[in-house]
Every structure is written in C-alpha cells, then in structure tokens.
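Start counting at 1 in the sequence shown, then tack on 586, and there's your number in my numbering.
Note that CB positions come from ideal geometry on N, CA and C, so glycine has one too.
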Amino acid sequence: MPEPASDSRPVARAVPGSPETRPRSRGTRTGSACATISPEPTVLHCSSSADFLAALPLLTGFTADDSLFVVFFSGRRAGRAMRIDLPDREDPHTIRPLLDLLSDRLRAISRRDGLTAGAGIVICTTQTFAAAGGTPHRRLAHRIERRLRRDGYPLRDFCCLAPDGRASFFDANTPSGGRPLREITESDIRRNAIDQMRTDLNAPVPLREIGTLPSVEPERRRTLAAVLDGPHLPGPDEPSPLTPGPGSLTDEAAIRADAACFDERLDTAVPGTDAESARLLQALASPERWFVLFLTVLAPAAVVPDLCADLPGDNRQHLTLDIDAPGRRSPSSGWSVARMVTAVPAEALDFERLRTACRVVADLASAAPSTWRSGPLALLALLWWMRGLQSIAEQHLVALQSEPGSDSALARMVTRIVRDSAPPGW
587 MPEPASDSRP VARAVPGSPE TRPRSRGTRT GSACATISPE PTVLHCSSSA
637 DFLAALPLLT GFTADDSLFV VFFSGRRAGR AMRIDLPDRE DPHTIRPLLD
687 LLSDRLRAIS RRDGLTAGAG IVICTTQTFA AAGGTPHRRL AHRIERRLRR
737 DGYPLRDFCC LAPDGRASFF DANTPSGGRP LREITESDIR RNAIDQMRTD
787 LNAPVPLREI GTLPSVEPER RRTLAAVLDG PHLPGPDEPS PLTPGPGSLT
837 DEAAIRADAA CFDERLDTAV PGTDAESARL LQALASPERW FVLFLTVLAP
887 AAVVPDLCAD LPGDNRQHLT LDIDAPGRRS PSSGWSVARM VTAVPAEALD
937 FERLRTACRV VADLASAAPS TWRSGPLALL ALLWWMRGLQ SIAEQHLVAL
987 QSEPGSDSAL ARMVTRIVRD SAPPGW
C-alpha cells in the first residue's frame, strides 16, 4: 500500500541544488508516510544525487528494499515523503494507478501550498545493474517522468539505488554498472548529519523491523498476568470497579486518573510498575477507557476530562465507535470516534509524543497476557497509522487477528480506519 514515509526520527529538510543529483489508488500498495517535519528541522543542502541519497534515511527514518520513495518539494524545500511498493509488473494496467497516485498527490500539495509542487524520487531495488544490463527499472522511471512532466510537476531528481551501484536517471553519463555506492557514504550530508543530529546512519533501520514488539522478560509477563488475574482486577469481559464501561465517560475522576497514569508513562517512556501496567491494560480492554488513553496521546492529560465532557449527544453514556462501518447506512452528519480520528489534521499532531506513545503501547502489548493484548494492539495500529506508517499499522492488525477480542467493535473500527482511510495530512 502507499504510505507516507514519515516520522520515525527527526527529519531534515533537504534542498537538492543540482538536477544530477489515503486517498488510495486501487491496485497500488503504499506503505508509509515518511518523516513529518519537526518544528526546527536541520537544513541539509544537497548538491548531488549522492547527497540526496545520503539525506533520504533522515527524511524517512528507515530503509526499504523494492520501494519507491517520493520526497515532496514546495519550492526548493523538502517536506513529507511517501513510500510505495515497487510494482511487481510494469504493464500499463499495473502502472497506471501508480502514476495517478503520484499526480494526484502532487496536485493536492500544490493546491494546499498555493504553488506548483515538485518531487525527488528514489527507486530502491534489489535488482542489480549487472542483471538489468544498466540502470534497473528504466522503463518505469521513464513512464513516471513523462507523466509528471505532462502534468506540470517538476522532478528535482530521480535516482535508483541498487545493491551494486546508484544512478540518477537525469545523468546521461552514468556508467552501465552505475556509480559507486561509496559516494553516498562519503557525502558531506552524511558526515554533517551525524554531527548535527547525532544519528547513527551507518545502520538505518529496515522498515520491517520498525514495528517489532520489544522483548520482555518472561518473569515480568508472569508477574503482570498474576496482577491482572488477582481478585482486585476483573477480567476484560467483566465490569470494572474503576470505570464500568458504558457510561464510564461520565466519571470525571476515573477519566482524570486514567489520563494521568498514561501521561506519566508517556513522560518517562520507561516501563512502570506492574500495578500501573495492569491499570493501563485494564483501561485498554474497555472501549471508553481506551478512548481516554487515545485522547491522552493527542492532548494534555489535564484537558482530557473536558474533551470527554464536550462529546456530542449521549456519547458520554454510550460511546459511538463507528457509524460508517460496513453494513450500516452512514448518516451524512453525526459524531463517532472513527469520524473524529479521520478528521484530525496533521498540524494538530505532536509527532514526538506519537513516537513515544508507540514505544509505550508496544511495551504494554509485549508484556500483556494474550487475553489482554487486543486493546494495546488496536491502539498501536492506530498510532502507527496516524504517523503515516500504514505498513507497520498493518503488521499490528495481523497480530491482532490471532488474539481474543479481534472481532470486537473496537478492533473492527481500527481495522477499517487503517485499511480504508488516508493518514492525517494525506
């Protein structure tokens, strides 16, 4: 699936200076939104294709084989980026949705910014120059360049990165075996980034490893299971003495306590006590309390009770998760959690807090006994989706399917959002 290649680490704005250098489309798989710009980004001045390729891991935060990375430009300044799975065939039926997606995305950015958007594109492939008899994927690159030129969107650079070399499709003097990869590792961009951002660029994280749940000591999992099974905490299908499910959003004290507990974990970003972890897992087993924790990621804990108090209609008594689910007649107006989530603008998100929340919730999911794991996995999938990394969100949805509670209304809502909706800002 196409995905914003977004915010896995602080992003730098790249300014390539040399040409050498959802709405979803059916049939095109996108993967991740790449980096979302931090408030005060490091500015990297790229003067060659090697510089641009050296800057790419800073923009995306990860590497991915057999991918098409698109870095969007407004003028000379780079913004967000998108990763798309390379098509497995290059026939017109397969390529056309990809071309439509790129053109539509650039049109939307141009409309938003009030000036013609451009792009820098990188094909990362496992195919070698030797096997391709020259630069790999030349036909695909030609079709993309021709379509975007026809639609009036300039390409700042268009590169290919292969295991045995690299090239710019705009460099007519590229050797048949490609230019050496060492030009990327020797780029001033790479050295300066290490100094400015203290980032280890020698080992960028592969996309498939980003969302991996952390390892947890078996003893911690056993202890947490014992706490959850204790007489003072009910099971996930039983009423909670802390907040009882339907109507729980009327209990301001309980909302404040849940938000404060989660907020403290987000501030420290370290595993809390077993009692704290048990409380959070208990909260994640209830749709209403799950929603409270989700709001705590988006807003300061102190205002979460007010946000709940301002919910429209009778949602404090009976929280509406998804009025647009399959099989239901979607009303033209009305509030639901799903509608609220899909309407959140990217500008309203604190991506550093989202990253921290992903780490905290991943720890809870890894430590949780199976019967308590569906809540944190659902929240984790939604958080990764909000960051724009839909392929990582999908990994957690797949894990969710094997857990008890995978067919709950909450799990179905998150699954529909991740698979059917574009992330914030896209």
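For residue i, count neighbouring C-beta atoms within 10 Å of its own C-beta (all shown protein chains included) and say buried if the count is 16 or more, exposed if not.
i	result
G974	buried
D844	buried
S826	Any reading at S826 must be qualified, since the residue scores a pLDDT of 47, below 50, and its modelled position is unreliable; the value itself is stated next. Flag for S826 reads buried.
H679	exposed
P625	Residue placement at P625 is poorly supported in this model, since its pLDDT is 45, which falls under 50; the coordinates are not used for a value here.
R777	exposed
L867	buried
D815	exposed
V984	exposed
Q987	exposed
A887	buried
D993	exposed
S762	exposed
Just to confirm my understanding: we take residue i, look at its own chain, exclude 5 residues before and 5 after, and list those with CB closer than 7 Å. What are they?
i	result
L642	F655, V708
E989	S956, R959, S960, L963
P749	T712, T714
A875	The residue asked about is misnamed: residue 875 is Arg in this sequence, not Ala. Contacts found: T829, S834, D844, A869.
F877	L905, V923
A951	L799, R959, P962, L963, L966
A948	L799, P800, L966
Confirm, please, whether the CB-CB distance from residue j to residue i is below 7 Å.
i	j	result
L907	V923	yes
T721	D652	no
S773	D637	yes
G764	F715	yes
A943	V802	no
L747	L639	yes
R842	P873	no
R729	I681	yes
T809	D849	no
R569	A855	The displayed coordinates of the chain run from 587 to 1012. Any statement about residue 569 would go beyond what the structure contains.
So, for residue i: in the same chain, excluding its five sequence neighbours on each side, which residues have a beta-carbon less than 6 Å away from its beta-carbon?
i	result
G1011	A932
Q981	G797
A979	A967, W970, W971, V1004
S1007	T928
G821	Bear in mind that the predicted position of G821 carries a pLDDT of just 47, short of 50, making it unreliable; the figure below should be weighed with that in mind. So no residue of the chain qualifies.
G991	S960
Is any heavy atom of the ligand MG found at a distance shorter than 6 Å from the C-beta of residue i?
i	result
D674	Among the ligands in the structure shown, none appear at all, so the ligand MG cannot be discussed.
Give me whichever residues DSSP pairs with residue i in a beta bridge.
i	result
R765	R752
D743	G706
T649	P792
S919	BP columns for S919 are empty, so no partner.
A664	F659
Using a Cβ cut-off of 7 Å (strictly closer), state whether residue i contacts chain B.
i	result
S653	Protein chain content of the structure displayed is limited to a single chain, and chain B is not contained in it.
Keeping to the same chain, check which residues put their C-beta closer than 8 Å to that of residue i; ignore five residues upstream and five downstream.
i	result
S916	I909, D910
S696	T702, A703, Y739
V791	S594, G647, F648, T649
Checklist entry - Is the number of C-beta pairs between the region 694-714 and the region 644-663 that are closer than 8 Å three or more? => result In short, these stretches touch, since the Cβ pair count reaches three.
Next on the checklist: Count Cβ pairs between the region 1000-1008 and the region 911-927 that sit closer than 8 Å; are there 3 or more?
Outcome noted: Contact between the region 1000-1008 and the region 911-927 is present, because at least three Cβ pairs lie under 8 Å.
Next on the checklist: Taking contact to mean 3 or more Cβ pairs, one atom from each stretch, closer than 8 Å, check whether the region 832-847 and the region 896-905 are in contact.
Outcome noted: The region 832-847 is in contact with the region 896-905.
Next on the checklist: I want to know whether the region 689-699 touches the region 726-737 - three or more CB-CB distances under 8 Å.
Outcome noted: The region 689-699, when compared against the region 726-737, does touch it at the 8 Å Cβ threshold.
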